[in-house]
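Numbering follows this note's numbering, in which position 100 of the sequence shown is assigned residue number 440; successive positions increment by one, without gaps.
Think of the CB as a built atom: it goes at the ideal place given N, C-alpha and C, for glycine as much as any other residue.
What follows is one structure encoded as structure tokens, with my remarks underneath.
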Amino acid sequence: MKNLITSLLILIGFAAAGQTSGNGLKADASYCNVRFGYCIKYPEAVLFPQEESANSDGRVFFNKKDETVLAVFGRFNQDENGDPITLAKQYKDDLARLQKEATITYKSLGKDFYVISGKRKGKTFYHKMILKNDAFCFALLEYSDAEKAVFDKYAGVVASTFK
């Protein structure tokens, strides 16, 4: 519980501080997706953007080891039949899926967003989804314990700049 409270205080502090984390990790570059209308800031010293996807829904960012650490993308909030999916249903489905394979350490459902974070297979993950018009936009940050010192700090930047 103490770790959860500490993590939440760190995230709140980073969000309030703007785009620089406590270790000087500055979000000095931006990616904006025209198709779905979302933007995110990222530290170009540690995250390297790859080409935007073929259907222009988003892009992935690699670390220095060429591993995907951050993926951002959008999709229309419809099921395979074209029926709308509510924010609450998407949250419930994602939470249920993640609970099968991970330990959830934090979850929050807001009016137009949700956050789920935790640990799985030796990695920390931070998932944020925002509702933009008729689309769900996702920022999925996942990193190994070896990169924890760098990317724990970046979770606050994701929280405050993914819009």
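State buried or exposed for D485, treating a residue as buried only when at least 16 other CB atoms are found within 10 Å of its CB. Taking the sequence shown and counting its residues from 1, the one referred to as residue 485 is at position 145. Under a 10 Å Cβ-count criterion, D485 is classified as exposed, with fewer than 16 other Cβ atoms of the shown protein chains found around its own Cβ.
Grouping DSSP H, G and I as helix and E and B as strand, with all else coil, what is G398? Taking the sequence shown and counting its residues from 1, the one referred to as residue 398 is at position 58. If DSSP states are grouped into helix, strand and coil, G398 belongs with the strands.
Note the first and the last residue of the continuous alpha helix (DSSP H) segment covering K527. Any question about residue 527 goes unanswered here, given that the chain covers just 341 to 503.
Can you name, in chain order, every residue of its own chain whose Cβ lies under 7 Å from the Cβ of E441, other than the five neighbours on each side? The sequence position of residue 441 within the sequence shown is 101, counting from 1. Excluding residues within five positions, the ones whose Cβ falls inside 7 Å are R460.
According to DSSP, residues forming a beta bridge with A411: Locating residue 411 in the sequence shown gives position 71, where the first residue counts as 1. Per DSSP, V400 and L480.
My guess is that K472 and G377 are in contact by the Cβ rule of under 8 Å, so how many angstroms apart are they, rounded? Counted from its first residue, the sequence shown places residue 472 at position 132. Counted from its first residue, the sequence shown places residue 377 at position 37. Contact between K472 and G377 holds: CB atoms are separated by about 5 Å, below the 8 Å threshold.
Between Q418, K405, D492 and F478, which lies nearest to N373 when the distance is taken from Cα to Cα? Mapped onto the sequence shown, residue 373 falls at position 33. Per the Cα distances, F478.
Closer than 7 Å by C-beta to G416: which residues in its own chain qualify, once you throw out the five before and the five after it? Chain order, please. In the sequence shown, counting from the first residue as 1, residue 416 sits at position 76. The sequence shown places Phe at residue 416, rather than the Gly named in the question. Answer for F416: D474 and A475, listed in chain order.
Could you tell me which uninterrupted beta strand (DSSP E) segments, each at least 3 residues in length, are contained entirely in the stretch 413-448, listed from first to last along the chain? If only complete runs of 3 or more residues are kept, the stretch 413-448 shows no beta strand (DSSP E) anywhere.
Can you tell which of K447, V386 and E392 has its C-alpha closest to the C-alpha of D406? For this step, residue 406 is matched to residue 66 along the sequence shown. The candidate whose alpha carbon is nearest that of D406 is V386.
What is the rounded straight-line gap between the Cα of I425 and the Cα of D433? Numbered from 1 along the sequence shown, position 85 holds the residue referred to as residue 425. Numbered from 1 along the sequence shown, position 93 holds the residue referred to as residue 433. Between I425 and D433, the C-alpha separation is close to 11 Å.
To which residues does DSSP link F376 through a beta bridge? Along the sequence shown, read from residue 1 onward, the residue named residue 376 stands at position 36. DSSP, once it has assigned bridges, lists no residue as partnering F376.
Segment limits, beta strand (DSSP E) that includes L471: Against the sequence shown, residue 471 aligns to sequence position 131. Looking at the DSSP string, the run of the beta strand (DSSP E) that includes L471 is K463 to K472.
For K503, does the count of other Cβ atoms within 10 angstroms reach 16, so buried, or fall short, so exposed? Against the sequence shown, residue 503 aligns to sequence position 163. Exposed, because fewer than 16 other Cβ atoms sit within 10 Å of the Cβ of K503.
Who are the Cβ neighbours of Y454 in its own chain at under 6 Å, not counting the five residues just before and after it? Counted from its first residue, the sequence shown places residue 454 at position 114. If you ignore the 5 residues before and after Y454, its C-beta comes within less than 6 Å of the C-beta of Y431 and M469, all in its own chain and listed in chain order.
Sequence-distant residues of its chain with Cβ nearer than 8 Å to G462 (five each side left out): Along the sequence shown, one-based indexing puts residue 462 at 122. Closer than 8 Å at the Cβ level, and outside the excluded window around G462, lie S484 and D485.
Candidates N403, G414, V409 and V490: closest to S393 by CA position: For this step, residue 393 is matched to residue 53 along the sequence shown. Residue G414 is the option with its Cα nearest to S393.
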